[in-house]
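Asks: Take this structure first; my questions come after.
Protein chains: 2
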Amino acid sequence: MGTLLTIGEAAKVSGLTAKMIRNYEQSGLIRKSPRTESGYRLYNSEQLNQLMFIKRARNLGFSLSDIQSLLSLWQNPERESRLVKQLAQSHLEQISTKIAELEQMQQVLIKLADSCKGDTSPQCGILEQLAQSSI
Amino acid sequence: MGTLLTIGEAAKVSGLTAKMIRNYEQSGLIRKSPRTESGYRLYNSEQLNQLMFIKRARNLGFSLSDIQSLLSLWQNPERESRLVKQLAQSHLEQISTKIAELEQMQQVLIKLADSCKGDTSPQCGILEQLAQSSI
DNA sequence: CTAAACCTTGCCATAAGGTTAAGGTCAAAT
DNA sequence: ATTTGACCTTAACCTTATGGCAAGGTTTAG
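Here the protein sequences come in this chain order: A and B. In terms of this note's numbering, the first sequence opens at residue 1 and continues consecutively. In terms of this note's numbering, the second sequence opens at residue 1001 and continues consecutively.
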């Protein structure tokens, strides 16, 4: 139960890197971990759960700033789930916006690429349209 | 025909910022522009066309490094259009990959958000799943 | 003549790390 | 007992593509 992991072990288990864990500590996302006499960081299972929480949230694209809020809500037993959902939906909107932007680029790029034969001749619709049109 | 623009005017016309134009010059993307006696940069129509080319390529999500290649191909009358098309298609692949990643996040996030009532109670499926599941 | 609106360089900050350096520590093998 | 190799420490710089600010010079309009 009381197993303590070094930063490398915690990194391996959580899927983060040791560097990320140190960064999260320095930026205040997680509390400073206790150290051995020689200065090695040690992580208990509670802190490991926090690290895995962070890893999962990063996988979903949440910013570290959002994750700070999520961690704080997670640890507050009197939270309102409304605030959590707001965060998630705001993030979802950003994702949708980003997808729409990328799809717009994709459409234009496909048209451009179609207008270029892609052979050994210099003639190329991509360059022509980048040079002239109002894309 | 021989109109010369200051950096602020060139920025306005191209849609870039003066800061970006200076950065592009310093990073070697565009050549150093001529200056007035007092040191102000001046842009002629050819350089303005380059700036607009850059702006359009940025709007399509090309990196500055890609744009360096595109500019070089554009200015080389003996280019092979094949190389231009390769660049565009490689960029298209990156866009598709990014879209797929975002859509994956989107799907998971929608499920998570659905599992949270979003009211004034602390109970929240988003936090629960970030805390436990293997997302 | 002066004040606003330009322009200049240079440095710092962002997000989220990766990389490298220079050095301390620990455990196992010799 | 010592050495080796894997691990840990901090610090500092690199990345991408800008934004922002400071401190100062220039130009233009009133």
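Beta carbons: idealized from backbone N, C-alpha and C, even for Gly. Since the model is a prediction, treat every value here as computed from it, not as a measurement.
(1) Only counting runs of 4 or more residues, tell me where the alpha helix (DSSP H) segments fall wholly within the region 21-81 of chain A, in order along the chain.
(2) Is the region 1012-1026 of chain B close to the region 1040-1054 of chain B, with three or more CB pairs under 8 Å?
(3) Rounded to whole angstroms, what's the CA-CA distance from C1124 of chain B to I1110 of chain B? Just pull it up for me.
(4) In this structure, how does DSSP classify L102 of chain A when only helix, strand and coil are distinguished?
(5) Any idea if Y43 of chain A is buried or exposed, counting beta-carbon neighbours within 10 angstroms, 16 or more meaning buried?
(6) Tell me which residues share the same chain as R35 of chain A and place their Cβ nearer than 8 Å to its Cβ, disregarding the 5 neighbours each side in the sequence.
(7) To which residues of the same chain is I1007 of chain B closer than 6 Å at the C-beta, ignoring the five residues directly before and after it?
(8) Quick check on G118 of chain A - is its C-beta less than 7 Å from some C-beta in chain B?
(9) Pull up the distance between the alpha-carbon of G61 of chain A and that of Q1107 of chain B, whole angstroms please.
(10) Name, in chain order, the residues that DSSP records as bridge partners for L1005 of chain B.
(11) Any idea if G118 of chain A is buried or exposed, counting beta-carbon neighbours within 10 angstroms, 16 or more meaning buried?
(12) Should Q1132 of chain B go down as buried or exposed, given a rule of 16 or more other Cβ atoms within 10 Å for buried?
Replies: Taking the coordinates as given:
(1) 45-59, 64-74
(2) yes
(3) 14 Å
(4) helix
(5) buried
(6) R41, L42
(7) A1018, I1021, R1041
(8) yes
(9) 12 Å
(10) B:Y1043
(11) buried
(12) exposed
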